[in-house]
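*Asks:* Take this structure first; my questions come after.
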Amino acid sequence: MRLRNWLLLVAAVAAAGLLVFAGYRMSVGSDAVPTSDYIRYVEFDVPAAALERALNADVRTEGEVGWVDLLAALACRYGGDWSRYKSADLDAIAAEMECGQSTAEAGKYFSYYREAYGAVLDGMLGDFSEQKTDDTGNTVWQYSYGLKAFCPIAKGFSYSESDDFGASRSYGYKRRHLGHDMMGLTGTPIVAVESGTVTMLGWNQYGGWRVGIRSDDGRRYWYYAHLRQDRPYAAGLAEGQHITAGDVIGYMGRTGYSATENVSNIVTPHLHIGLELIFDESQFESDNEIWVNLYPLMQLLAKHTCETVRAEDGEYTRRYAFEEGTG
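And the structure:
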């Protein structure tokens, strides 16, 4: 529920003395300070245009204007209603932050938006080094500060997508679609969006062959599903393995919708990618999971793809090595 709608309910619950908003217990009144231990609800509907503009402000200032701080401050101004987004508003807040204005002045709900948006975006921007081929044909390391998360579809492979989060699904039981579908060709290499550890590998009747990767900071669980029949995974992929952002983890397919393993009952080949946020371990694999809409983030990541090469045995690997940090 967006903040603007929530405020309309305050009078109705004032007698109770407490209000629950996004997992925080707030005292009803002018201060309304969060007192709970972790967030239980996040609506991530920041438009792709705002994500890109905030990212560019961060990169331009080399982190002086943090893009998550900027987005959180703007969410406070809009009361969480991103339909009001104007680039001029973002630019104005970025200029204030660049001049040293504290985010403490952004609003009393800044800490909530900062933590919620940070759970989605923290770790995707920073220092990294990547191998490149220079003008003389030599392979060299190139340092950069910027986006270090990748589109899950490898560079050069076409796909289509739509904003399908929350759409109805009926296999097994009626439910909401809690991921994002990216349609393409069977065998398209799928890469890890960000670095993390493979925590789940195997068959699920809904997702078919799938991979689960937990981010290095533990707050994000990436779910890649409907991978290819017979050879779903990159060679050597195993539970417990640490994966670097951009590594090939598997191949697009249409497996799933079957209690029997290795069956392709999905009509259209596609990658189902989902992102679960974890603020407390009790949320993971429970009735209190938080899945967010990835459509705007995938639009942003479409501009940062990882190039792959195909070996004689049909396996794909990344073309250039990649390392996070300053080295």
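Residue 1222 in the working numbering is what sits at position 85 of the sequence shown, and the numbering runs on without skipping anything.
Backbone N, C-alpha and C define an ideal beta-carbon position, used for all residues, glycine too.
Please specify which runs of the beta strand (DSSP E), each continuous and at least 3 residues long, are wholly inside the region 1402–1456, giving them in chain order.
*Replies:* 1407–1414, 1445–1447, 1453–1455, all fully within the region 1402–1456.
*Asks:* Taking the alpha-carbon positions, what's the Thr1445 to Tyr1296 distance?
*Replies:* Rounded to the nearest angstrom, the two C-alpha atoms are 16 Å apart.
*Asks:* Quick check on this structure: which residue in Leu1211, Asp1228, Val1179, Ala1229 has the alpha carbon closest to the alpha carbon of Arg1221?
*Replies:* For Arg1221, the nearest C-alpha among the options comes from Leu1211.
*Asks:* Quick check for students: name the residue ranges of the beta strand (DSSP E) that lie wholly in the region 1337–1389, counting only runs of 3 or more.
*Replies:* With a minimum length of 3 residues, the continuous beta strand (DSSP E) runs that stay inside the region 1337–1389 are 1345–1352, 1357–1362, 1385–1388.
*Asks:* Can you look up Glu1189 in the DSSP assignment and give me helix, strand or coil?
*Replies:* The answer is helix: DSSP assigns Glu1189 an H, G or I state.
*Asks:* Rounded to the nearest angstrom, what separates Asp1271 and Val1277 at their Cα positions?
*Replies:* The alpha-carbon atoms of Asp1271 and Val1277 are separated by roughly 7 Å.
*Asks:* From Ala1439, Ala1458, His1379, Glu1461, pick the residue whose C-alpha is nearest to that of Ala1473; which is it?
*Replies:* An answer regarding residue 1473 cannot be provided, because it is not within the stretch 1138 to 1464 covered by the chain.
*Asks:* Which value, in whole angstroms, describes the spacing of the CA atoms of Ser1307 and Tyr1394?
*Replies:* If you take the alpha carbons of Ser1307 and Tyr1394, they lie about 10 Å apart.
*Asks:* Just reading off the beta strand (DSSP E) that Val1328 is part of, what are its end residues?
*Replies:* Val1328 -> beta strand (DSSP E) spans 1326–1328.
*Asks:* In the structure shown, what three-state DSSP assignment does Ile1176 receive?
*Replies:* Ile1176 falls in the coil class under three-state DSSP.
*Asks:* Tell whether a beta-carbon distance below 9 Å holds between Ala1209 and Arg1251.
*Replies:* Going by C-beta atoms, Ala1209 is nearer than 9 Å to Arg1251.
*Asks:* So is Leu1145 buried or exposed if we call it buried at 16+ other beta carbons inside 10 Å?
*Replies:* Per-residue confidence for Leu1145 stands at a pLDDT of 36, beneath the threshold of 50, marking its modelled position as unreliable; the derived number appears in the next sentence. So Leu1145 counts as exposed.
*Asks:* What's the gap between the Cα of Asn1430 and the Cα of Val1257?
*Replies:* Roughly 10 Å between the two C-alpha positions.
*Asks:* Quick one: what's Glu1298 bridged to in DSSP?
*Replies:* According to DSSP, which records beta bridges pairwise, Glu1298 is partnered with Met1319.
*Asks:* How long is the line joining the alpha carbons of Val1335 and Ala1187, rounded to whole angstroms?
*Replies:* Roughly 31 Å separates the two Cα atoms.
*Asks:* With DSSP as the reference, identify every bridge partner of Ser1281, one or two as the case may be.
*Replies:* Answer is Phe1265.
*Asks:* Buried or exposed: which applies to Cys1236, given that a residue is buried once 16 or more other Cβ atoms fall within 10 Å of its Cβ?
*Replies:* The residue in question, Cys1236, is exposed, as its Cβ has fewer than 16 Cβ neighbours within 10 Å.
*Asks:* Please classify Ser1305 as buried or exposed, where buried requires at least 16 other C-beta atoms within 10 Å of its C-beta.
*Replies:* So Ser1305 ends up on the exposed side.
*Asks:* Measure from the alpha carbon of Gly1324 to the alpha carbon of each residue in Arg1391, Ile1410, Gly1373, then state which is nearest.
*Replies:* Considering only alpha carbons, the answer is Arg1391.
*Asks:* Check whether the Cβ atoms of Asp1300 and Tyr1175 sit closer than 9 Å, and answer yes or no.
*Replies:* It is not a contact, given that the beta carbons lie outside the stated cut-off.
*Asks:* Assuming Met1261 and Glu1331 are in contact, meaning their beta carbons sit under 8 Å apart, how far apart are those beta carbons, in whole angstroms?
*Replies:* Met1261 to Glu1331, Cβ: 6 Å. Contact.
*Asks:* Tell me the DSSP secondary structure of Arg1221 in three-state form.
*Replies:* The answer is helix: DSSP assigns Arg1221 an H, G or I state.
*Asks:* Counting C-beta neighbours from all protein chains within 10 Å, is the total for Glu1298 16 or more, i.e. buried, or is it exposed?
*Replies:* Classification of Glu1298: buried, given that the 10 Å Cβ count is 16 or more.
*Asks:* Since I believe Tyr1360 is in contact with Arg1368 (beta carbons under 8 Å), could you give me their beta-carbon distance rounded to a whole number of angstroms?
*Replies:* Not quite, the Cβ-Cβ distance comes to about 20 Å (not below 8 Å), so this is no contact.
*Asks:* For Pro1184, which of Glu1418, His1379, Tyr1343, Gln1436 has the nearest alpha-carbon?
*Replies:* Measuring from the Cα of Pro1184, the nearest candidate turns out to be Gln1436.
*Asks:* Whose CA, out of Val1404, Ser1224, Asn1193, lies closest to the CA of Leu1322?
*Replies:* Closest by alpha carbon: Val1404.
*Asks:* Evaluate contact between the region 1445–1461 and the region 1192–1205, counting only Cβ atoms and requiring at least three cross-stretch pairs below 8 Å.
*Replies:* The region 1445–1461 vs the region 1192–1205: no contact.
*Asks:* Helix, strand or coil, according to DSSP, for Phe1459 in the structure here?
*Replies:* Note: Phe1459 maps to strand in three-state DSSP.
*Asks:* Rounded to the nearest angstrom, what separates His1314 and His1407 at their Cα positions?
*Replies:* If I take the Cα positions, the gap works out to 14 Å.
*Asks:* In the structure shown, what three-state DSSP assignment does Thr1392 receive?
*Replies:* Coil.
*Asks:* Would DSSP call Ser1248 helix, strand or coil?
*Replies:* DSSP places Ser1248 in helix when its eight states are reduced to three.
*Asks:* For Tyr1453, tell me which candidate among Val1328, Phe1421, Tyr1178, Glu1418 has the shortest Cα-Cα distance.
*Replies:* Measuring from the Cα of Tyr1453, the nearest candidate turns out to be Val1328.
*Asks:* What residues in its chain sit with their C-beta under 6 Å from that of Arg1214, if we drop five residues either side in the sequence?
*Replies:* Contacts found: none.
*Asks:* Tell me which same chain residues have a C-beta within less than 7 Å of the C-beta of Trp1340, skipping the five on either side of it?
*Replies:* Correct list, in chain order: Trp1346, Glu1398.
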